[in-house]
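Okay, so the sequence shown: first residue is 0 according to numbering that gives the first Met the number 0, each after it adds one.
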Amino acid sequence: MTWMFTDNNGTFNLKQADEISCLYFPLANESGMMSAVTPSLNGDIKTGQNSFLLQPVSAEDLHNNRSNRNFWLNIKGYGPWSATGNSARQISSKYSKKSDETVELEAGFLWHKVIRENRQINIRSEITNFVPVDDDQLELMKVTIFNIGKEKIELTATAAIPIFGRSADNLRDHRHVTSLLNHIKTNNYGVIVKPTLSFDERGHKRNYTSYAVLGSGPDNSNPIGFCPVLQDFIGEGGTLDWPRTIVEGNSDYVKSGFEYDGYESMGALRFKEEELEPGDFISYIIVMAIDQTGNNMDKYIEKYCSKKSFDRKLAENKEYWQSKLNQLTFYTGDHNFDNWMKWVTLQPILRRIYGCSFLPYHDYGRGGRGWRDLWQDCLALLLMDDENVHDLLYNNFAGVRIDGSNATIIGNEPGEFIADRNNISRLWIDHGAWPLQTTSLYINMTGNLRFLLEKQTYFKDGIISFARERDEYWNIDMGNKLKTKEGKIYQGSILEHILLENLTAFFNVGENNNLRLEDADWNDGLDMASEKGESVAFTAFYAGNLLEIVRLLEKLRDQEGITEVELLEEINVLLDSLNDSLNYGNVEEKNKTLAKYFNSCKHNISGNMLSIPINELIKDIKCKAEWVVEHFRKEEWIGDKNGYEWFNGYYDNNGQRVDGVGPVETRMTLTGQVFSTMFDIATEKQIEKITLAADKYLFDKKVGGYRLNTEFKDKELQLGRCFEFAYGHKENGAMFSHMSVMYAKALYQRDFVKEGYKVWNTIYQHCLDFEKSRIYPGIPEYINSRGRGMYTYLTGSASWLLLTMVTEVFGIKGFLGSLKIEPKLQKEQFDQDGKASININFAGNKLKVEYINTNKLDCGEYEIKKVTMNGREITPHETGSYVVIDKGDLQISDENIIIVKLG
Ligand code: G1P
Numbered sequence: 000m001t002w003m004f005t006d007n008n009g010t011f012n013l014k015q016a017d018e019i020s021c022l023y024f025p026l027a028n029e030s031g032m033m034s035a036v037t038p039s040l041n042g043d044i045k046t047g048q049n050s051f052l053l054q055p056v057s058a059e060d061l062h063n064n065r066s067n068r069n070f071w072l073n074i075k076g077y078g079p080w081s082a083t084g085n086s087a088r089q090i091s092s093k094y095s096k097k098s099d100e101t102v103e104l105e106a107g108f109l110w111h112k113v114i115r116e117n118r119q120i121n122i123r124s125e126i127t128n129f130v131p132v133d134d135d136q137l138e139l140m141k142v143t144i145f146n147i148g149k150e151k152i153e154l155t156a157t158a159a160i161p162i163f164g165r166s167a168d169n170l171r172d173h174r175h176v177t178s179l180l181n182h183i184k185t186n187n188y189g190v191i192v193k194p195t196l197s198f199d200e201r202g203h204k205r206n207y208t209s210y211a212v213l214g215s216g217p218d219n220s221n222p223i224g225f226c227p228v229l230q231d232f233i234g235e236g237g238t239l240d241w242p243r244t245i246v247e248g249n250s251d252y253v254k255s256g257f258e259y260d261g262y263e264s265m266g267a268l269r270f271k272e273e274e275l276e277p278g279d280f281i282s283y284i285i286v287m288a289i290d291q292t293g294n295n296m297d298k299y300i301e302k303y304c305s306k307k308s309f310d311r312k313l314a315e316n317k318e319y320w321q322s323k324l325n326q327l328t329f330y331t332g333d334h335n336f337d338n339w340m341k342w343v344t345l346q347p348i349l350r351r352i353y354g355c356s357f358l359p360y361h362d363y364g365r366g367g368r369g370w371r372d373l374w375q376d377c378l379a380l381l382l383m384d385d386e387n388v389h390d391l392l393y394n395n396f397a398g399v400r401i402d403g404s405n406a407t408i409i410g411n412e413p414g415e416f417i418a419d420r421n422n423i424s425r426l427w428i429d430h431g432a433w434p435l436q437t438t439s440l441y442i443n444m445t446g447n448l449r450f451l452l453e454k455q456t457y458f459k460d461g462i463i464s465f466a467r468e469r470d471e472y473w474n475i476d477m478g479n480k481l482k483t484k485e486g487k488i489y490q491g492s493i494l495e496h497i498l499l500e501n502l503t504a505f506f507n508v509g510e511n512n513n514l515r516l517e518d519a520d521w522n523d524g525l526d527m528a529s530e531k532g533e534s535v536a537f538t539a540f541y542a543g544n545l546l547e548i549v550r551l552l553e554k555l556r557d558q559e560g561i562t563e564v565e566l567l568e569e570i571n572v573l574l575d576s577l578n579d580s581l582n583y584g585n586v587e588e589k590n591k592t593l594a595k596y597f598n599s600c601k602h603n604i605s606g607n608m609l610s611i612p613i614n615e616l617i618k619d620i621k622c623k624a625e626w627v628v629e630h631f632r633k634e635e636w637i638g639d640k641n642g643y644e645w646f647n648g649y650y651d652n653n654g655q656r657v658d659g660v661g662p663v664e665t666r667m668t669l670t671g672q673v674f675s676t677m678f679d680i681a682t683e684k685q686i687e688k689i690t691l692a693a694d695k696y697l698f699d700k701k702v703g704g705y706r707l708n709t710e711f712k713d714k715e716l717q718l719g720r721c722f723e724f725a726y727g728h729k730e731n732g733a734m735f736s737h738m739s740v741m742y743a744k745a746l747y748q749r750d751f752v753k754e755g756y757k758v759w760n761t762i763y764q765h766c767l768d769f770e771k772s773r774i775y776p777g778i779p780e781y782i783n784s785r786g787r788g789m790y791t792y793l794t795g796s797a798s799w800l801l802l803t804m805v806t807e808v809f810g811i812k813g814f815l816g817s818l819k820i821e822p823k824l825q826k827e828q829f830d831q832d833g834k835a836s837i838n839i840n841f842a843g844n845k846l847k848v849e850y851i852n853t854n855k856l857d858c859g860e861y862e863i864k865k866v867t868m869n870g871r872e873i874t875p876h877e878t879g880s881y882v883v884i885d886k887g888d889l890q891i892s893d894e895n896i897i898i899v900k901l902g
């Protein structure tokens with residue numbers, strides 16, 4: 000059993016999809032409508048934490064919960080049959096040999112269709128769901144019923160969709176009391192519920208949002224009646240999968256204009272009786288809407304409640320998503336891969352819409368994304384050449400605090416960061432590392448070096464000095480922008496923001512002179528070592544950043560003629576070599592320096608600027624970076640008695656080294672290897688050894704490749720909650736896609752192509768193997784100990800996989816706005832004619848880059864022999880490994896066809 004792609008547009012089908020647990024599919028638009036739908040039409044619909052149209056569901060509810068979208072047929076001579084498969088009779092006979100029912104799923108961008116056929120009653124239902132790409136917040140569903148037998152069928156249809164209509168918080172908290180707020184009414188097309196108040200964390204407020212289930216039958220006919228109260232619909236002792244109204248065929252349905260208060264409501268729409276001749280079919284349209292003002296229901300009926308508009312809107316929807324995804328496509332010898340990557344390309348867009356909260360596995364949080372996710376999702380936007388990306392990056396920098404940390408509550412509007420009223424102070428030590436990575440990609444893709452000199456504000460709240468202290472003088476009325484002593488809002492350059500994030504990290508060291516782990520790093524689960532814990536892994540990341548800052552400053556100097564950089568006076572203390580150089584080997588001196596800086600900017604700042612010669616700045620930062628690299632290579636390279644060697648990744652809360660041979664077992668972390676490899680800290684020889692050790696201790700084909708860590712059995716080790724998770728799950732030793740993909744990218748960057756290919760290809764092959772992974776196309780957050788893909792769709796690994804494919808595998812790199820092409824494709828990635836290609840928008844220019852490898856040589860065996868762009872020849876670099884096309888040359892044609900011959 001597996002899904003199959005049926006075209007080149009990512010469309011796939013899956014037979015008997017309803018026999019697989021926890022499968023769900025996202026339906027959404029960019030106006031904030033978020034649905035999840037399963038093969039039996041379960042799943043929820045919402046626009047946010049406080050506005051769920053259908054009852055919120057976690058993954059485990061998907062097989063227990065029969066209370067979402069249902070569509071009943073009462074068939075003469077047979078009785079009730081659910082077109083969605085949600086009747087007690089269908090469920091109980093699902094696995095029996097006698098079952099006459101088959102189910103097939105078809106899905107694409109972004110629509111979902113389930114075809115259910117029952118050979119006993121000779122009926123077939125086709126149910127299509129999607130969210131139109133309009134500004135409206137609604138999901139549409141078309142149910143088409145076919146008579147596939149030789150006899151006439153007489154049936155009565157009833158759409159049956161319970162309306163939850165309130166905040167997810169009320170699922171447990173005041174579920175009953177909040178039903179007393181419901182004002183339910185019917186119109187000609189359906190049931191509308193408008194609770195009088197909203198009960199949520201903001202307090203009890205007058206509610207204006209309405210929730211509705213509206214519908215039309217064959218020939219756009221109205222429903223003939225409604226059963227808008229849940230208790231009446233299921234009847235005394237009834238259930239949603241065997242409701243008495245349906246089973247007993249009650250006809251006491253109410254008409255339009257009915258009003259009722261204070262009960263759980265039901266979008267039950269009864270349609271008139273129909274006769275279906277053999278070969279005939281009829282369709283019903285259902286609109287499930289959330290309306291913020293409560294005034295738009297008539298408009299929705301007019302706009303969506305007909306078969307014609309459904310078909311038109313569906314076509315628009317398909318076109319919209321296709322054209323969005325066509326901006327970045329891959330062609331290789333593997334049709335599955337090309338299609339699978341389309342789903343990966345969609346994933347960062349989905350995370351922008353859903354945040355990290357609103358799909359069934361993501362049953363935590365209240366919407367939005369965290370700081371690191373925000374920056375990493377921008378990577379994908381950059382690759383899709385999103386025109387808003389400059390503003391997005393610029394606005395994000397307004398979240399940086401003057402101490403180098405950042406706001407943790409991110410608002411919905413660009414650049415909106417919210418002070419934490421609860422003053423929960425937590426410091427994720429990796430946060431300061433990500434912005435530079437994204438900014439550097441942006442600068443290279445666009446050539447906009449001057450972005451570094453743009454001015455931006457700083458975020459201000461009561462949390463200061465890396466969350467170690469509170470600013471007693473600050474209160475929320477003072478606003479959340481940093482001010483000078485004179486009370487003026489201060490703005491510093493983007494470069495200054497970046498410098499602060501990375502310099503403060505340099506000085507923030509633990510007793511082993513690595514970055515303190517604080518309350519966790521990228522691995523959210525490393526949250527129990529804030530006293531003595533150190534993140535050696537992110538020490539490497541920040542060292543890489545310091546080196547990148549040096550490169551950027553050199554470019555500013557050489558290309559933009561910048562000789563001096565303006566920085567806030569207080570920062571001077573962090574540029575110690577300009578004054579009296581510190582001994583970087585001395586932990587205490589470093590900590591004192593940081594404390595001195597923190598003291599100088601607790602409540603406000605001087606606002607005085609210093610002009611620092613760029614060469615001095617470069618020298619200072621280079622010196623720091625080189626010190627870390629040397630220290631890291633010397634102190635953190637470890638090994639075991641079997642001759643394996645690798646880098647230590649962490650120190651725990653006892654100051655004990657995590658990687659290596661512990662008192663109980665040998666321990667290895669993948670994170671410890673990734674950034675040292677990615678940022679040129681590991682030498683080539685060391686990478687060779689790292690890959691051998693990772694193969695020995697972390698690789699496990701049955702879970703999709705490289706695990707995040709080995710099993711830590713030593714109970715003395717104090718690092719974080721994730722080591723209390725069963726081994727092989729999530730952050731405790733699962734194949735965690737995000738870190739694995741970063742490992743792959745790091746290996747490619749260092750020219751370990753075969754090894755890098757193995758990393759992502761094992762994940763890809765595992766995802767393709769549906770019997771094991773049990774997921775639709777796309778990369779999941781992780782693979783669990785049984786090989787199942789978990790937390791599908793919303794994961795930062797998708798952005799990183801795209802980045803790896805574009806910049807490393809297909810080798811499309813930005814170089815200050817010019818294009819550098821440096822392919823690292825393996826021979827199996829070319830088609831039978833030796834061709835592979837990528838379509839991408841680069842700095843506003845459309846490109847198709849086609850590689851021709853007629854002799855099917857492997858990476859390392861081929862060189863770039865000849866390059867043409869729109870027929871004009873361009874000379875590759877003498878090494879034959881890359882070619883650079885000047886940015887001026889790219890703007891010549893609307894679509895540039897670049898052909899790269901390899902041989
Ligand atoms: C998730 C979080 C990410 C975090 C990671 C490890 O990864 O979103 O911020 O760093 O877990 O704890 P993702 O879902 O992006 O794969």
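Note that beta-carbon positions come from the ideal geometry of N, C-alpha and C, so glycine has one too.
In the three-state reduction of the DSSP assignment, Gln490 falls in the strand class, which pools E and B.
Two segments are said to touch when three or more pairs of C-beta atoms, one from each, lie closer than 8 Å; by this definition the segment 579–593 does not touch the segment 468–487. Check the Cα spacing between Lys589 and each of Arg449, Lys623, Leu566, Lys700: the tightest is with Lys623.
Burial is judged here by how many other beta carbons sit within 10 angstroms of a residue's own beta carbon; Gly76 has fewer than 16 and is exposed. With a minimum length of 3 residues, the unbroken runs of beta strand (DSSP E) contained wholly in the segment 72–138 fall at 78–81, 100–107, 110–117, 122–129.
Taking C-beta separations shorter than 6 Å and ignoring five residues to either side along the sequence, the partners of Phe329 in its chain run Asp337, Met340, Ile837, following chain order. At least 8 Å separates the beta-carbon of Leu104 from that of Trp320.
Those residues that bring their Cβ nearer than 7 Å to a heavy atom of the ligand G1P are Cys355, Gly369, Arg371, Asp372, Trp521, Asn522, Asp523, Gly524, Glu730, Phe735, Ser736, His737, Glu780, Tyr790, Leu793, Thr794, Gly795, Ser796. With 16 or more other Cβ atoms inside 10 Å of its own Cβ, Val628 counts as buried. Asn760 sits in a helix when the DSSP states are folded into three classes.
Residue burial annotation: Val663 is exposed, with fewer than 16 other C-beta atoms found within 10 angstroms of its C-beta. By the CB criterion at 8 Å, Leu616 and Leu552 fall inside the cutoff. With fewer than 16 other CB atoms across the displayed protein chains lying within 10 angstroms of its CB, Met3 is exposed.
For Arg174, the three-state secondary structure derived from DSSP is helix. Per DSSP, Val246 has no beta-bridge partner at all. Given a length threshold of 3 residues, each whole run of the beta strand (DSSP E) inside the segment 305–343 is given here in chain order: 327–330.
Spatial neighbours of Ile561 in its own chain (CB-CB distance under 7 Å, excluding positions within 5 residues in sequence) are listed in chain order as Leu555, Ile613. Within the model, the alpha-carbon separation for Lys312 versus Gly902 is close to 48 Å. Of all C-beta pairs linking the segment 273–291 to the segment 37–54, three or more are shorter than 8 Å, placing the two stretches in contact.
In the DSSP assignment, Ile548 falls within the alpha helix (DSSP H) that extends over 535–559. Approximately 5 Å separates the beta-carbon atoms of Lys864 and Lys900; this is inside 8 Å, confirming the contact.
The C-alpha of Tyr881 lies about 13 Å from the C-alpha of Cys858. In the structure shown, Tyr781 falls within a strand segment according to DSSP collapsed to helix, strand and coil. Here DSSP, grouped into helix, strand and coil, assigns Thr437 to helix. In terms of Cα proximity to Tyr696, the closest of Asp639, Pro227, Glu723 is Asp639. Excluding the 5 residues flanking it on each side, Ile774 has same chain C-beta neighbours closer than 8 Å at Leu22, Cys766, Arg787, Gly788, Thr791, in chain order. The beta carbons of Lys826 and Leu856 sit closer together than 8 Å. Taking the C-beta atoms as reference points, Asp651 is found no nearer than 8 Å to Gln748. Bounds of the alpha helix (DSSP H) holding Leu61 are 60–63.
When secondary structure is reduced to three states using DSSP, His203 falls in the strand class. By the criterion of a C-beta distance shorter than 8 Å, Asn582 is surrounded in its chain by Glu588, once the five residues flanking it on both sides are discounted. Assigned with DSSP and collapsed to three states, Asn614 falls in helix.
Bridge pairing for Glu687: absent [DSSP].
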